[in-house]
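Undergrad: If you want the numbering used here, it's the position in the sequence shown, counting the first as 1, plus 41.
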Amino acid sequence: MASDDEDALRQRLVPIETYRTYRDGEAFVSGWLTVDQSMIDRFADATNDHQFIHVDPERALTETPFGGTIAHGFLSLSLLSTLAYDAMPGVRGTRMGVNYGFDEVRFLTPVKSGARVRGRFQLVAIKERAVSLQSTWNASVEIEGAPKPAFVARWITLAILEPPAETQEGSER
42 MASDDEDALR QRLVPIETYR TYRDGEAFVS GWLTVDQSMI DRFADATNDH QFIHVDPERA
102 LTETPFGGTI AHGFLSLSLL STLAYDAMPG VRGTRMGVNY GFDEVRFLTP VKSGARVRGR
162 FQLVAIKERA VSLQSTWNAS VEIEGAPKPA FVARWITLAI LEPPAETQEG SER
């Protein structure tokens, strides 16, 4: 039996013809996610970046202009994966999706501990290849109640597609 997450993902898998129509269209927006101190601390442990602005609430309150601790910029950036999973469509026949990189990233607003964030994704380019699909997205992570997003980025993803049926049949011989 499929989980609710698997069912939701299947509903967002579309034929390539439909996917193409998303280019330069409406943005896909995720649900909200809370970035709490526990998440920030775990990220600090994983990256060995324990700068006080991230992990010491009392010191960050008195010694920074942020009014408390803030998430690492790279933590905010890494949330794209989970926010994208919640919002972005995929193409039927995809074997796996991988992060292909970024053309640019600009950090605009710190994410304070306890803030809620969401992802906004607009498909701006597609490169189709025989067994892959490269998609370029204007991506941002918005902070609830903030006038500017945490960051804006041009994110490139790569979908590895199932080989065409004739290729699969030929490889079994």
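We put the CB at the ideal spot given by N, CA and C, even for glycine.
1. Taking the beta carbon of residue 159 as the centre, do at least 16 other beta carbons fall within 10 Å, making it buried, or is it exposed?
2. Just tell me which of 161, 70, 87 and 93 has its CA closest to the CA of residue 192.
3. Give the range of the beta strand (DSSP E) segment to which residue 162 is assigned.
4. Compute the Euclidean distance between the alpha carbons of residue 111 and residue 87, then round it to the nearest angstrom.
5. Is residue 205 buried or exposed, if buried means 16 or more other CB atoms sit within 10 Å of its CB?
6. Here's the rule: buried if 16 or more other CB atoms are within 10 angstroms of the residue's CB, otherwise exposed. What is residue 129?
7. Run through DSSP, which three-state label would residue 135 get?
8. Give me the residue from 145, 168, 172 and 202 with the minimum Cα distance to residue 181.
9. From residue 60 to residue 98, what distance separates their C-alpha atoms?
10. Under DSSP, the alpha helix (DSSP H) around residue 111 begins and ends at which residues?
11. The alpha helix (DSSP H) spanning residue 99 covers which residue range?
12. With DSSP as the reference, label residue 145 as helix, strand or coil.
TA: A quick look at the data gives this:
1. In this structure residue 159 is buried. Its beta-carbon is surrounded by 16 or more other beta-carbon atoms within 10 angstroms.
2. The candidate whose alpha carbon is nearest that of residue 192 is 161.
3. Segment 156 to 169, the beta strand (DSSP E) holding residue 162.
4. Per the coordinates, the alpha-carbon of residue 111 lies some 16 Å from the alpha-carbon of residue 87.
5. That one is exposed.
6. Buried: at least 16 other Cβ atoms inside 10 Å.
7. In the three-state reduction of the DSSP assignment, residue 135 falls in the strand class.
8. Closest by C-alpha distance to residue 181, out of 145, 168, 172 and 202, is 145.
9. If you take the alpha carbons of residue 60 and residue 98, they lie about 44 Å apart.
10. Unbroken run through residue 111: none, as it is neither H nor E.
11. It spans 98 to 104 - the alpha helix (DSSP H) in which residue 99 sits, taken as one unbroken run.
12. If DSSP states are grouped into helix, strand and coil, residue 145 belongs with the strands.
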